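A.B. asks: Take a look at the following structure, please.
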Amino acid sequence: MFELNLDADEYVESSYPPKPLSKEEREARGLKVPDVVASGKPTLRIEITTVDTGERKEFFGHAARHIITTRKQIPLEGSRSDAQETVTDGWYIDVDTSISCDRHMPEGKRVHAHAFLTAGNMPIEKIEFIDNGVPEEGFAIEWKITSREAIALPDGAKKEHTSSREMRLTQFVEGPLDPALFTIPTGFLQVEHIERNPPANLPSQWSIAWDRFKASVARLFSVKNSVEVAVH
């Protein structure tokens, strides 16, 4: 699989489906999983509510449905995480976008992935996932995502940060792809990593980073990244 950065004339190459990272690769990227495993009752709840508004509109010959998905991160007793809420207001159509080498999940199974921070040798959060409504699995043609996060400051006060981003599909074509699309353009340089996200507004970016830094220092722990994936 190839991913191109058209602005920098760079590309990365990787296998598909992606292979699990080795221990050395995880450590090099700061993703070392703590040795202490979460146990006991849940300390963090992820509640996902999906609502079909009933609204419909035509999109290039397909009927699009209006879906609002709200994902809440709710700290429970013993949690060290902050409360978060993400609302995705989007339009979706039914179109098969799968490819032959996609992984296939067992019928009735759904994967939940959640990334978070853990401090020192403290146990990672034990997460419970709650789904309300039927999860949307269609192809998104338009969405607006609004995220709110209440960060706990060292003095116990809460500071809320809100951000939003939007996407809209402007062209939609069905049919065989041109083989030239799978050829690396002349002059492109292969690199190890591509920056996928555009630079955020610097004042806002520094404000959020500073609040998180103060909160982490107050805990007097070194912070490491970890990832938990749960299937149910």
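Per the numbering used here: the sequence shown = residues 162 to 393.
Don't be surprised by glycine CBs; every beta carbon is placed ideally from N, CA and C.
Everything numeric in this text was worked out from a predicted model, so none of it was measured.
Pull the bridge partners of H322 from the DSSP assignment, please.
C.D. replies: Here residue 322 corresponds to residue number 161 of the sequence shown, with the count starting at 1. According to DSSP, H322 bridges with E310.
A.B. asks: If you compare alpha carbons, which of E289, G201, I302, R190 is closest to T249?
C.D. replies: On the sequence shown, position 88 is the one that residue 249 refers to. Looking at the Cα atoms, I302 is the closest of the given residues.
A.B. asks: Taking the alpha-carbon of K218 as reference, which of T210, H227, V212, F333 has the nearest alpha-carbon?
C.D. replies: As a position in the sequence shown, residue 218 is number 57, starting the count at 1. The candidate whose alpha carbon is nearest that of K218 is H227.
A.B. asks: Find out if the Cβ-Cβ distance for the pair K287, T347 is shorter than 7 Å.
C.D. replies: The residue you call residue 287 lines up with position 126 of the sequence shown. The residue you call residue 347 lines up with position 186 of the sequence shown. No.
A.B. asks: Around the Cβ of E321, are there at least 16 other Cβ atoms within 10 angstroms (buried) or fewer (exposed)?
C.D. replies: Here the question's residue 321 lines up with position 160 in the sequence shown. E321 should be labelled exposed.
A.B. asks: Taking 6 Å as the limit between beta carbons, can you name the residues of its chain near S308, skipping five residues before and five after?
C.D. replies: Start at 1 with the first residue of the sequence shown, and residue 308 comes out as number 147. So the list reads T247, S324, once near-sequence residues are dropped.
A.B. asks: So what does L165 bridge to, in DSSP terms?
C.D. replies: Mapped onto the sequence shown, residue 165 falls at position 4. In the DSSP output, where bridge partners are listed per residue, L165 has Y172.
A.B. asks: In whole angstroms, what separates the C-alpha of H354 from that of T210?
C.D. replies: As a working mapping, residue 354 is identified with position 193 in the sequence shown. As a working mapping, residue 210 is identified with position 49 in the sequence shown. The alpha-carbon atoms of H354 and T210 are separated by roughly 34 Å.
A.B. asks: Pull the bridge partners of D250 from the DSSP assignment, please.
C.D. replies: Position 89 of the sequence shown, counting from 1, holds the residue named residue 250. Paired residue(s): I229, K305.
A.B. asks: Starting from the C-beta of P296, find all residues in its chain whose C-beta is less than 6 Å away, skip the five residues before and the five after it, and write them out in chain order.
C.D. replies: On the sequence shown, position 135 is the one that residue 296 refers to. Excluding positions up to five away in sequence, the list reads T211.
A.B. asks: Which residues mark the beginning and the end of the beta strand (DSSP E) in which K202 is found?
C.D. replies: Counting from one through the sequence shown, the residue named residue 202 turns up at place 41. Unbroken run through K202: none, as it is neither H nor E.
A.B. asks: Whose C-alpha, out of E164, K202, N293, is nearest the C-alpha of G239?
C.D. replies: On the sequence shown, residue 239 is found 78 positions in, with the first residue counted as 1. Answer by Cα proximity: K202.
A.B. asks: In the structure shown, what three-state DSSP assignment does E286 receive?
C.D. replies: The count along the sequence shown starts at 1 and reaches residue 286 at position 125. DSSP places E286 in coil when its eight states are reduced to three.
A.B. asks: Is it right to say Y253 is buried, meaning 16 or more other beta carbons lie within 10 angstroms of its own, or is it exposed?
C.D. replies: Working through the sequence shown from its first residue, we reach residue 253 at position 92. Its Cβ being crowded by 16 or more others within 10 Å, Y253 is buried.
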